[in-house]
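Worksheet for the structure shown next.
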Amino acid sequence: MPYVLVSTQIRLENGPTMVGDEWNDVELMEYLGASLCKELGTNYIEYRTPDPPRTVLNKLETKGYSMVGMAGVGQTCIWTMHKPAKESLDSLPRSVNSKESDSEEKVEVIDK
């Protein structure tokens, strides 16, 4: 996927860091050490890593991503990372929800 949204709340020095939704590239999420989580009261699943944003951004840079935007919304910081898309459709990542997914993903439910 050419774009990844990275976000964190309140403090930048420590995690967790949100790195995408359930449709993100599974292999990239594994590289980032992220797992699927669902907070009680929400209707979406997201990938979350315990690493601080700085570590996540550094890891994404080593994979060819660069920052194209950053914003602060309330106590949330959001970074938009981009990697030039490959020309072949064969290079598209498989989603957790795709039919060719060969393993069941565990979703952690977080009670706030």
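Counting from 0, one number per residue, gives the positions in the sequence shown under numbering that gives the first Met the number 0. Ideal placement from N, C-alpha and C gives every residue a C-beta, glycine not left out.
Leaving aside the five residues that flank Pro1 on each side, the residues in its chain whose CB is nearer than 8 Å to its CB run, in chain order, His81, Lys82, Pro83 and Ala84. The three-state secondary structure of Tyr30, taken from DSSP, is helix. If you draw a straight line from the Cα of Gly19 to the Cα of Thr48, it comes to about 10 Å.
For Ala33, same chain residues with a beta-carbon under 7 Å away, outside a window of 5 residues either side, are Val18, Tyr46, Arg47 and Thr48 in chain order. Note that the C-beta distance between Thr16 and Val25 is not below 8 Å. In this structure, Ile77 places its C-beta atom within 8 Å of the C-beta atom of Met69.
Residue burial is scored here from C-beta neighbours: Asn23 has at least 16 other C-beta atoms within 10 angstroms and is therefore classed as buried. Within the same chain, Gln74 and Thr75 come within 6 Å of Gln8 by CB-CB distance, once the 5 residues on both sides are set aside.
If you ignore the 5 residues before and after Asp110, its C-beta comes within less than 6 Å of the C-beta of Leu39, all in its own chain and listed in chain order.
When only Cα atoms are considered, Asn42 and Pro52 end up about 24 Å apart.
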